[in-house]
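Q: When we follow our numbering, the leftmost residue of the sequence shown carries the number 39, and every step to the right adds one. The beta carbon of each residue, even a glycine, is placed where N, CA and C say it ideally should be. Values in this document were obtained by computation on a predicted structure and should not be read as measured data.
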Amino acid sequence: MQGKLPAGSKPAGGFPQLKNGQTVQPTNGHKEVKEMERTKAVKLMGAALPAILLLFPIAGSTTPPIVVTTTDDVVDAAIDCESVTIADLPGPDGVKSLREAICAAENNPGIDEIHFDIPGPGPHVIRIEPSLGQLPMIEEEIIIDGTTEPDFVAPGPPVVVLDGTNITLSANGLAIRAGGSTVRGLAIIHFTSTGIGLNTNGGNTIAGNYIGIDVDGMTAAGNGKYDMGAPHRPLRGHFIRRKRRALV
Numbered sequence: 039m040q041g042k043l044p045a046g047s048k049p050a051g052g053f054p055q056l057k058n059g060q061t062v063q064p065t066n067g068h069k070e071v072k073e074m075e076r077t078k079a080v081k082l083m084g085a086a087l088p089a090i091l092l093l094f095p096i097a098g099s100t101t102p103p104i105v106v107t108t109t110d111d112v113v114d115a116a117i118d119c120e121s122v123t124i125a126d127l128p129g130p131d132g133v134k135s136l137r138e139a140i141c142a143a144e145n146n147p148g149i150d151e152i153h154f155d156i157p158g159p160g161p162h163v164i165r166i167e168p169s170l171g172q173l174p175m176i177e178e179e180i181i182i183d184g185t186t187e188p189d190f191v192a193p194g195p196p197v198v199v200l201d202g203t204n205i206t207l208s209a210n211g212l213a214i215r216a217g218g219s220t221v222r223g224l225a226i227i228h229f230t231s232t233g234i235g236l237n238t239n240g241g242n243t244i245a246g247n248y249i250g251i252d253v254d255g256m257t258a259a260g261n262g263k264y265d266m267g268a269p270h271r272p273l274r275g276h277f278i279r280r281k282r283r284a285l286v
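1. Return helix, strand or coil for Arg137, following the three-state DSSP convention.
2. What's the C-alpha gap between Gly246 and Leu173?
3. Give a yes or no on contact between the segment 174-187 and the segment 142-151, applying the rule of three or more CB pairs nearer than 8 Å.
4. Need the endpoints of the beta strand (DSSP E) that His228 sits in, please.
5. Between Ile214 and Ile227, which are expected to be in contact by the criterion C-beta below 8 Å, what is the C-beta distance as a whole number of angstroms?
6. Looking at the secondary structure, which residues open and close the beta strand (DSSP E) in which Phe154 lies?
7. Hey, could you find the ends of the beta strand (DSSP E) Asp201 is sitting in?
8. Please go through the same chain and pick out, in chain order, the residues whose beta-carbon is closer than 6 Å to the beta-carbon of Val106, but skip the five residues on each side of it.
9. Please classify Gly184: does DSSP put it in a helix, a strand, or coil?
10. Which of the three DSSP states, helix, strand or coil, is assigned to Asp114?
11. Among residues of its own chain, excluding the 5 on either side of Thr109, which ones have a beta-carbon nearer than 7 Å to its beta-carbon?
12. Could you give the residue range of the beta strand (DSSP E) that holds Ala213?
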């Protein structure tokens, strides 16, 4: 269906049902959201987001979460990303960046959770630093949960934003090679390549995000190549939880 969807409506045919009654939209055949759909079809999720969060609880890790406490895109906890450990955080600046959290998670065996506790009122915009390039490729199972930010209030929009405005070279918002990972409760906008790129392994959960949409739920803020995709292979084994075509 193109254009604006009436409030409370579903695409023709509805979504497939799991045995327990949960509703999912498989990514097989998924096409990127067109600019017109982003500007016309997007509404705030209303009651959809808390329903999603209840229906799709995240299986947690066995270690305490790594908590991001700044919007700055820095790595000062070690010489480079490959050297950052959870024990190194925070670095000399006293805060934990998303980049540092991903680096530390990549260097820690097993699944890790990244939570958020960024001071001040949202939205909390993490603008990627061009000199550092895109965030590290995620090759270990991970959970990145923007709904843990204290000023997130369901059923409101995300309050943690990944913004690639400052990057001119090709860059993804998040690039995930590991299967079994989860990303939820983020807005991912203005990246030159893909908002979320899923590569190699399946079984990932992408839920309750605004990808290519600003946090007002109306303003197109698209990513250059795809809002959601895997450039060289069909998306199989991943699920998109969504109520509107522009929300994933």
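A: On the basis of the coordinates in this document:
1. helix
2. 21 Å
3. yes
4. Neither: His228 is in no beta strand (DSSP E) and is coded neither H nor E.
5. Not really, about 18 Å apart at Cβ, beyond 8 Å.
6. Asp150 to Phe154
7. Val198 to Asp201
8. Lys134, Leu136, Ala139 and Phe154
9. helix
10. coil
11. Ile156, His162, Val163 and Ile164
12. Leu212 to Ile214
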